[in-house]
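If you read the sequences in order, they're chains A, B, C and D.
Quick note: the first sequence uses the numbering used here, first residue 1, plus one each step.
Quick note: the second sequence uses the numbering used here, first residue 354, plus one each step.
Quick note: the third sequence uses the numbering used here, first residue 707, plus one each step.
Quick note: the fourth sequence uses the numbering used here, first residue 1060, plus one each step.
Ideal Cβ positions, reconstructed from N, Cα and C, are used throughout, including at glycine.
This structure is a prediction, so every number in the text was calculated from the model and none was measured.
Protein chains: 4
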Amino acid sequence: MKTKKELLSNTIQPIDIMQHNVVSLVDAMAPMAYSSRDLARAAGLFEMMVRDTECGVILCLAGSLISAGLQKLIVDLVRNNMVDAIVSTGANIVDQDFFEALGYRHYIAPDEYKYGAHDGELREMQIDRIYDTFIDEDELRICDETIHQITNSLEPRAYSSREFIAAMAEYLDKHGRTPKQGQPDSIVWACYEKQVPIFCPAFSDCSAGFGLVAHQHDRQGKPVVSIDSVKDFYELTQLKIANPTTGLLMIGGGVPKNFAQDIVVAADVLGVDASMHKYAIQVTVADVRDGALSGSTLKEASSWGKVELTYEQMVYAEATVAFPLIAGYALQKNAAEARKGKKLAQVLEPVTA
Amino acid sequence: MKTKKELLSNTIQPIDIMQHNVVSLVDAMAPMAYSSRDLARAAGLFEMMVRDTECGVILCLAGSLISAGLQKLIVDLVRNNMVDAIVSTGANIVDQDFFEALGYRHYIAPDEYKYGAHDGELREMQIDRIYDTFIDEDELRICDETIHQITNSLEPRAYSSREFIAAMAEYLDKHGRTPKQGQPDSIVWACYEKQVPIFCPAFSDCSAGFGLVAHQHDRQGKPVVSIDSVKDFYELTQLKIANPTTGLLMIGGGVPKNFAQDIVVAADVLGVDASMHKYAIQVTVADVRDGALSGSTLKEASSWGKVELTYEQMVYAEATVAFPLIAGYALQKNAAEARKGKKLAQVLEPVTA
Amino acid sequence: MKTKKELLSNTIQPIDIMQHNVVSLVDAMAPMAYSSRDLARAAGLFEMMVRDTECGVILCLAGSLISAGLQKLIVDLVRNNMVDAIVSTGANIVDQDFFEALGYRHYIAPDEYKYGAHDGELREMQIDRIYDTFIDEDELRICDETIHQITNSLEPRAYSSREFIAAMAEYLDKHGRTPKQGQPDSIVWACYEKQVPIFCPAFSDCSAGFGLVAHQHDRQGKPVVSIDSVKDFYELTQLKIANPTTGLLMIGGGVPKNFAQDIVVAADVLGVDASMHKYAIQVTVADVRDGALSGSTLKEASSWGKVELTYEQMVYAEATVAFPLIAGYALQKNAAEARKGKKLAQVLEPVTA
Amino acid sequence: MKTKKELLSNTIQPIDIMQHNVVSLVDAMAPMAYSSRDLARAAGLFEMMVRDTECGVILCLAGSLISAGLQKLIVDLVRNNMVDAIVSTGANIVDQDFFEALGYRHYIAPDEYKYGAHDGELREMQIDRIYDTFIDEDELRICDETIHQITNSLEPRAYSSREFIAAMAEYLDKHGRTPKQGQPDSIVWACYEKQVPIFCPAFSDCSAGFGLVAHQHDRQGKPVVSIDSVKDFYELTQLKIANPTTGLLMIGGGVPKNFAQDIVVAADVLGVDASMHKYAIQVTVADVRDGALSGSTLKEASSWGKVELTYEQMVYAEATVAFPLIAGYALQKNAAEARKGKKLAQVLEPVTA
């Protein structure tokens, strides 16, 4: 039986898409069929929405993507002004990106572990498994505790997840965990610098939740830091109102997909005649036939008045294969050349008074 | 082309599982293979967890289930003391269950609509589509507005979604929309009467979000009602601590699955030596191979220390077929005969002072 | 580690659907959504095609269905005149049905075997695995050898798979492996008695192939028994011409689906103005998005002129759950009451001169 | 409404993978997760099996791959001695590759056609649809008729599909449809030139079936050309015996997968102590949970003694995206540099006396 040290020895290496030319490959997929054609069309739509300097690009992230090696790709999009807001599951931002920013890593699981034959042993060793990837649970607990400390340092009141994540970025800066200080870049930090707001509408549903619960438990009835998911929704809606032309690049479905689509309706509820999302792409393997949101088509979303029909594309592919090709295509074609950072975080109230 | 009235003429009819004996059918599936065998084992595990009077049963709901005809099934489980807490997406509870409690219905879409060929026309008619089901968007807007009114009636402070949903139940009572007043039963109301807490950890990600955002927008900087997702997590963790033996019946994955599994870790973070969930069942068609949470196995959850390995079962089946068989099996075998309602809502702080 | 005897101790038990009333359950699914509604419509269509006494019902079988406990269900359909021809993969008919008729059984694999963690050990013990089911390879080799003997007993010439399968039925009779002789019923035998032709268009792609190859190898260049897949196609086309109204009940996709659909075109090629299949049902979990035949919709088949659009239904469900409900519904409603066996095997040339 | 001419105006363009460097991209996927890691490992295994000059590489093709733009990729593998035998569905070889060799093309279907909303109109126009691709049925009928003519030109006897496909290649040569005559290359022709045998174990289950049935119908009881699927199996087994080290590259599942795996057992039945397939790769999106062959793991195949466990890899991806990356990787790394064509067709009896 392998030791914990042996099991946690091969690290996941994020892809650096700028090292691999994908433009001609993706172009060659356009006149093929099935996923290749859809992927090529999606890449073209992503290029188009980035070239549309009016367009606020909202990147939605569901699934365990950072642990799978997609962190650098997302950082590259942010650093190149190709993403103006992010809506994500908490796990991607806290348990995985912030966790890596703290200096921890994800590990490649040997193949025989991925079907669950050894999960009892992993439990004994405090190794957490995400399909074919390992995490050191002891390190994850330090991440939880770091969130606890950040929470304790904040003035008690209701925060949006965006505000809280900005405080996480400040923590990284204070503790020397940013590129300025010779450390690797992270989504949390890059977005902070570029003023790209990050929203996690189910923020307590991740490592952050543990730290926040610990905080509220400590406070014994005294005023607490709370995370107001309504504030998230209100803030994201304000961004839609401030920047009416929008496009969605959705990796996976779930809450981020629904939440980002819903802001069109929310703006309408607030009395603003908001346009539907002009562009929409979703990469997913979820099936449409169970009626759930994650696999529902973008045409279905158009019946709700959320997404326009002209520039939408579903791509049936697993994200680690498709996302680098789609994002790399627009990156390598310099789609963002005329684009300046929209700094949408400035639209919202300042994080600290 | 059909008119809106024609399109909204065939209503979805919730299944009344007590009218159909499923016990022998499910027993016959046990010595078969694939989904039938897994479904039969899951039904037996659900019976076992309900017979275990120590066990607090947590029902997790993701996907559009109420609109698909599963409302009465869930009400039956609640009324029979077979569910002690619910964790759900907001859509099931607000847009669908509360919406139906207000007197509105879901409609059967003709087959030719389900692949999106007519979504542009639906948009014109204000008909929203969920795969093969229609909703009158005008009615949904009234539901949003009702949430707005309820929010305005509450004292400004941070609420858990559980508290807010209790206020929704009180609204139904005040407005004559409960069985006492000759109206159909609903999950929101049945849970209120039985003191079964309902949590929607991403509460603003549904019809509720629109009403809540409208409220915060109205308030122009004055104190607001906020929804604290940390409070949700803290409350659900308190239930785990108060009732250490727990079982999960998960329909779909997403946030409800993750959230309910995580309370074991949260209890541990609070210094309580909490046991893993003793029983766990998940019904899903999500694939395991994209590494996302929804399709991740319960064995994987055991590596995280969340779920015990002895009594866990994944069932690969679409929920409208599998859930009535699993729940009906335990219902018809009177698994709850020795069971009294745990009234877990009483464990938590009173909603109104 | 378990012994071979321990591993091969729990037998698969075929479902006897007549013991479980499913009619009201299926009717209750009709006004729901997703798979339940589709399943109910499919059950109604199957009832309709059986009530249509003009209609020749063709049952298509792909996937390992007999090993999964569906043998008796299919025998019941045959015995009740509800199936007039079968098109199947070879595995279902030879490795599984004929194999069981020889007195062998399939076994329930413990859960920990189904993800492949112990396949090396199974190999050592000569246990073959089909997902969650075990087969004794020694017994399967006897089945192969039986086919070898049957082949050797036949006059050397080209046979359709239908002819060969009829010879397999005669073997069962001669060796006392039929209900007349106190042994369990089988699909091969029931079809022989009811003169329901069975076609396996890729007949050598199963246990039969091993026996047939051994035969041709023995013959050292002398005239051999050969299996002419063209003859299969020609014979099935003749049935379509002889009985123009046809309906397809397809469990899974693959070669049986394609083959049975194609006879409409083949009749046309032979100069007969054949009508498309009037009814068509397919139960499958295959995804449409990879463009493969197994998951392709029946609407797509209508573009090829193979299937009419009026009475077609895809059902997204695993077969062991859905097929008993669909078939049981028509059986229990006595859909076949006015139906006599069509004895389509009589249309074709006699098996033995 | 669009005319037939308008609908058949955008042709599918096969990918020329040598124009796009994929090596560094695939290498970068190796230390990621999910499909990317599996795809990279599969590419490395394919390189390894090609570098193993002892290894006879068997390419298995299921699904509509040629119509999707994968023809040139497969031709490139054949021309570079990287494939020594092909096992395929009939559609890929006859309806699609031979059809293209005759000068016909496949067409890109507009997006709104791919969900079946217009299949009735397509039927009227004699346009056949494969998901998002169109075929001119009039041209396909000419292909059927060409097969009819080829069949009529052959001496009546039992043929393996391999022999028949060789005759198709000769037809192309005689009718000026090869690169020598300035026409595009095809799989049928390239394999003929390179003496790479092609097997379609369910040969009548495609366009070929129509021509062959017409032939047998014409003959009115006189001796006919028949297609002996046993001969296919026997021939492929002989190749295994003649070249004991083998590797499988399987695109999709179905009959080709099963057939190619089974030759290990067939060799054993013939008394030859054949080794299992040393290498095995499968690209598929089929789910494992329905127990069907297409999605069954290669570990499961090892329980049957068909595939070794050391060098096997399943890749969860749609073929048009994954196959070019896997094949291109080995091509661009010159994996075949020490490889000479094995000319396995020479092992088998000559096609014509």
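DSSP links residue 199 (chain A) through a beta bridge to A:87. In the structure shown, residue 1286 (chain D) adopts extended strand secondary structure according to DSSP, grouped into three states. Here the alpha carbons of residue 755 (chain C) and residue 720 (chain C) stand approximately 25 Å from one another.
In the structure shown, residue 1027 (chain C) adopts helical secondary structure according to DSSP, grouped into three states.
Secondary structure of residue 721 (chain C) (DSSP, three-state): coil.
By the Cβ test, the region 692–703 of chain B is not in contact with the region 379–394 of chain B, since fewer than three Cβ pairs between them sit closer than 8 Å. Looking from the CA of residue 63 (chain A), the closest CA among B:538, B:578 and B:646 belongs to B:646. Counting only the Cα atoms, residue 204 (chain A) lies some 15 Å from residue 511 (chain B).
Residue state for residue 923 (chain C) is assigned as helix, using DSSP reduced to three classes. For residue 1372 (chain D), the pairing in a beta bridge is given by DSSP as D:1340.
Pairing residue 794 (chain C) with residue 904 (chain C) gives a Cβ-Cβ distance under 8 Å.
Boundaries of the beta strand (DSSP E) around residue 410 (chain B): 409–414. Taking C-beta separations shorter than 7 Å and ignoring five residues to either side along the sequence, the partners of residue 318 (chain A) in its chain run 285, following chain order.
Residue environment: residue 1101 (chain D) is assigned as buried (16 or more neighbouring CB atoms within 10 Å of its CB, all protein chains considered). The alpha carbon of residue 1140 (chain D) has as its nearest neighbour, out of D:1152, D:1237, D:1127 and D:1118, the alpha carbon of D:1118. Here the alpha carbons of residue 1012 (chain C) and residue 504 (chain B) stand approximately 57 Å from one another. Under the three-state reduction of DSSP output, residue 1196 (chain D) falls in the helix class. For chain B, the residues of the region 1175–1195 of chain D that bring a beta carbon within less than 7 Å of one of its beta carbons are 1175 and 1176, in chain order. Residues of the region 625–641 of chain B whose Cβ lies closer than 8 Å to any Cβ of chain D, in chain order: 640. Boundaries for residue 480 (chain B): no alpha helix (DSSP H) harbours it, while the beta strand (DSSP E) harbouring it runs 480–483, taken from the DSSP string. In the structure shown, the three-state DSSP call for residue 531 (chain B) is coil. The bridge partners DSSP lists for residue 603 (chain B) are B:413 and B:635. Looking at the DSSP output, residue 1217 (chain D) sits in a beta bridge with D:1285. Taking the C-beta atoms as reference points, residue 913 (chain C) is found nearer than 8 Å to residue 801 (chain C). Linking residue 955 (chain C) to residue 976 (chain C) through their CA atoms gives a straight-line distance of about 25 Å. Taking all protein chains shown into account, residue 595 (chain B) has fewer than 16 neighbouring C-beta atoms within 10 Å of its C-beta and is therefore exposed.
Here the region 487–499 of chain B makes contact with the region 459–474 of chain B; the two share three or more CB pairs at distances below 8 Å.
Taking residue 74 (chain A) as the centre and dropping the five residues before and after it, the same chain places the C-beta of 187 closer than 6 Å to its C-beta, in chain order. Within chain D, the C-beta atoms nearer than 7 Å to that of residue 386 (chain B) come from 1350, in chain order. At a Cβ-Cβ threshold of 8 Å, residue 261 (chain A) and residue 301 (chain A) count as neighbours. Taken in chain order, the members of the region 1376–1398 of chain D whose beta-carbon sits within less than 9 Å of a beta-carbon on chain C are 1377, 1378 and 1379. Any Cβ of chain B closer than 8 Å to the Cβ of residue 725 (chain C) would place that residue at the interface, and such an atom is present. Taking a Cβ-Cβ cut-off of 8 Å, the neighbours of residue 112 (chain A) in chain C comprise 823, given in sequence order. The alpha-carbon separation between residue 744 (chain C) and residue 481 (chain B) amounts to approximately 21 Å. Here the C-alpha atom of residue 1384 (chain D) lies approximately 19 Å from the C-alpha atom of residue 70 (chain A). Minimum Cα-Cα distance from residue 599 (chain B) among the listed residues B:627, B:500, B:584 and B:657 corresponds to B:627.
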